[in-house]
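Written out below as structure tokens is the structure these notes cover.
Number of protein chains: 2
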Amino acid sequence: MPQIPMIGIVGGVGPYAGLDLARKVFDNTVASRDQDHLPLVLLSLPSEIADRTAYLLGELQENPGRALAEVVLKLEEIGATAVGIPCNTAHAPEIFGLMMQILREKGSELTVPHMIQETVKTIQKRLPSVRRVGVLSTTGTYESGLYPQYLERAGLEAVVPDRELQQKVHEAIYSTEFGIKAHSNPVTAKAVRIVKDAIRKLHRQGAEAIILGCTELPLAVTEKEVAGCPVIDPTEILARTLILETYPQKLKPY
Amino acid sequence: MPQIPMIGIVGGVGPYAGLDLARKVFDNTVASRDQDHLPLVLLSLPSEIADRTAYLLGELQENPGRALAEVVLKLEEIGATAVGIPCNTAHAPEIFGLMMQILREKGSELTVPHMIQETVKTIQKRLPSVRRVGVLSTTGTYESGLYPQYLERAGLEAVVPDRELQQKVHEAIYSTEFGIKAHSNPVTAKAVRIVKDAIRKLHRQGAEAIILGCTELPLAVTEKEVAGCPVIDPTEILARTLILETYPQKLKPY
Chain A
5 MPQIPMIGIV GGVGPYAGLD LARKVFDNTV ASRDQDHLPL VLLSLPSEIA DRTAYLLGEL
65 QENPGRALAE VVLKLEEIGA TAVGIPCNTA HAPEIFGLMM QILREKGSEL TVPHMIQETV
125 KTIQKRLPSV RRVGVLSTTG TYESGLYPQY LERAGLEAVV PDRELQQKVH EAIYSTEFGI
185 KAHSNPVTAK AVRIVKDAIR KLHRQGAEAI ILGCTELPLA VTEKEVAGCP VIDPTEILAR
245 TLILETYPQK LKPY
Chain B
5 MPQIPMIGIV GGVGPYAGLD LARKVFDNTV ASRDQDHLPL VLLSLPSEIA DRTAYLLGEL
65 QENPGRALAE VVLKLEEIGA TAVGIPCNTA HAPEIFGLMM QILREKGSEL TVPHMIQETV
125 KTIQKRLPSV RRVGVLSTTG TYESGLYPQY LERAGLEAVV PDRELQQKVH EAIYSTEFGI
185 KAHSNPVTAK AVRIVKDAIR KLHRQGAEAI ILGCTELPLA VTEKEVAGCP VIDPTEILAR
245 TLILETYPQK LKPY
């Protein structure tokens, strides 16, 4: 096959988040027939990639950055030139840094946009008056302070849940009984309710926009606003970045 | 990476149908966390695969079976052991036959379940009392008589739209203004209305179940019944077949 720009997606982190990213690539592409869509490969090897949050919380020894690098290299071998990783937690420096180091050592030449940086840049551009940004995420991302760090570097203030609310949001993602990872399609009413309540609470605490900082969360909340508060979807931002990196002329206007 | 069974999906025919098949693989897998899901690769190269219906209608010279074989071989190279093609029209003998011939010549060893045969088998098993089966499809599939042939071989009778209704169903799929290929997410209300009206008409003509015989159609009609008539989704049947071919112990009970 000819060497052309191609979008790669690291699937399996989680599996439905991989499909959500691919769908958002298609949704944001100017296309009216099959043949207008962009070349894309999604490789979902969930059993090989350890849980990112469990690693950050010290519950697992194995750094998932190593397995992520393997999947990215495999995507490059297939022909991908820009790869998206639809997992916010995977962008914590301990994980993303190791992955990028392995990619450099192996002579990889592809682009891996940083989902968190792109999200912060997009907020600055689309919502220039916003100063206080709420963040909902897994407890791994929460503990790592990932979003607050990047927001602060950009002169923005992070509004995060207290411990009790954080525990609820984490359960809405991870509970095997009602969480989004175990029940992605359809998402349970209970998970939707917890996430929307959390958005409202952060909004009342002063957040002027809320980042859905775990790729499972946009599966539960598809609205662009909740109770008048703009909701930011990093998966969509990553999708648009991947199109910009490969076929910028095909990006649908926002 | 170790050689393990892996599901491959030929994406791009159409792009959203590829995601729909992947989603239905995940939906039909017994899993409660990321790591429980099956290894899967989706390769979407839409610009390389000519329109299947246009070929069958004589509007294109190039048999898309050749490009389909290339994508399947690429999926095998990546590690896929069972590949699904989420396009009913691609299973017409002229296209599927050429593809399988090329795969044999190249020494391919993977399994490519035949979506139409599997659908007919599933109807016989799940709805044993049904004799008359309605079929909605592209005009390419319609003209090729694909479903009627396989249904008749199984002792079932096909109920198909008259020319006027067929034209409408085809437009619900292909119209750049309101068709499902150009507007997949969300599907337009007009496309949904046309498809549901067509289901009702075939039901009134005596069909006891209706096959959504184009992978775009389940994007418009997600119900399992319309006006009391069971609706058969070949994409879901193909998803379940792919799980059976790779990890049968992980197939969710129906």
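Chains A and B, in that order, give the protein sequences.
The opening residue of the first sequence carries number 5 in the working numbering; numbering runs sequentially from there.
The opening residue of the second sequence carries number 5 in the working numbering; numbering runs sequentially from there.
All C-beta atoms, glycine included, are put in the ideal place defined by N, C-alpha and C.
Check: A224(B) versus Q121(A): straight-line alpha-carbon distance, rounded; Outcome: 36 Å
Check: Exposure label - Y151(A); buried when at least 16 CB within 10 Å; Outcome: buried
Check: contact_flag[the region 180 to 193 of chain B, the region 27 to 35 of chain A] where n(CB pairs < 8 Å) is 3 or more; Outcome: yes
Check: Inter-residue CB distance, V163(A) and Q209(A) (contact presumed, cutoff 8 Å); Outcome: 5 Å
Check: Where the beta strand (DSSP E) through G111(B) begins and ends; Outcome: Looking at the DSSP string, G111(B) is not in any beta strand (DSSP E), and its letter there is neither H nor E.
Check: Extent of the continuous alpha helix (DSSP H) run through V29(A); Outcome: P19 to D31
Check: Residues in the region 22 to 50 of chain B having any Cβ partner in chain A nearer than 7 Å; Outcome: L23, A26, R27, F30, D31, S36, R37, D38, Q39, H41, P43, L44, V45, L46, L47, S48, L49 and P50
Check: Cβ-based burial, D24(A) [other Cβ within 10 Å; buried from 16]; Outcome: buried
Check: Touch test, the region 55 to 63 of chain A against the region 51 to 58 of chain B, Cβ-Cβ under 8 Å, three pairs minimum; Outcome: no
Check: Y251(A): contacting residues in chain B (beta-carbon distance under 9 Å); Outcome: Simply none; closest approach about 11 Å.
Check: C-beta contact flag for V1(B) and Y154(B) at 7 Å; Outcome: Beyond the ends of chain B as shown, which are 5 and 258, falls residue 1(B); an answer cannot be given.
Check: Residue ranges of each beta strand (DSSP E) within the region 212 to 256 of chain A, 3 or longer; Outcome: 213 to 216 and 233 to 236
Check: Touching by the beta-carbon criterion (3+ pairs, under 8 Å), the region 212 to 224 of chain A and the region 127 to 143 of chain A; Outcome: yes
Check: Endpoints, beta strand (DSSP E) assigned at G12(B); Outcome: I11 to G15
Check: Cβ-based contacts, 8 Å cut-off: residues of the region 184 to 205 of chain B near chain A; Outcome: K185, A186, S188 and N189
Check: Contact check, L246(A) vs I8(A), beta carbons under 7 Å; Outcome: no
Check: Proximity winner among G18(B), L49(B), A26(B) and V17(B), relative to Y20(A) (alpha-carbon distances); Outcome: A26(B)
Check: Cβ-based burial, S133(B) [other Cβ within 10 Å; buried from 16]; Outcome: exposed
Check: Interfacial residues, the region 226 to 240 of chain B to chain A, with Cβ spacing under 9 Å; Outcome: none
Check: Contacts that V17(A) makes with chain B (C-beta to C-beta distance below 7 Å); Outcome: D38
Check: Whole-angstrom distance between K185(A) and E81(B), CA atom to CA atom; Outcome: 30 Å
Check: Anticipated Cβ contact below 8 Å, G15(B) with L47(B), distance rounded; Outcome: 6 Å
Check: Cβ-based burial, T143(B) [other Cβ within 10 Å; buried from 16]; Outcome: buried
Check: Alpha-carbon to alpha-carbon, L42(B) and I99(A); Outcome: 23 Å
Check: Residue closest to K244(B), alpha-carbon to alpha-carbon, out of P234(B), E147(B) and K256(B); Outcome: Looking at the sequence itself, residue 244(B) is Arg, so the reference to Lys does not match. Cα-wise, what sits closest to R244(B) is K256(B).
Check: Residue-chain proximity (T180(A), chain B), Cβ-Cβ < 7 Å; Outcome: yes
Check: Rounded straight-line distance, which links the Cα of I241(A) to that of E249(A); Outcome: 12 Å
Check: Where I82(B) meets chain A, residues with beta-carbon distance less than 9 Å; Outcome: V45, L47, K78, E81 and I82
Check: 8 Å CB neighbourhood of A96(B) in its chain, flanking five on each side removed; Outcome: R56, L60, G144, T145, S148 and L150
Check: Local Cβ density within 10 Å of T239(B), reported as buried at 16 or more and exposed below that; Outcome: buried
Check: Under the three-state DSSP convention, the category E161(A) falls into; Outcome: strand
Check: Residue range of the alpha helix (DSSP H) that includes A73(B); Outcome: G69 to I82
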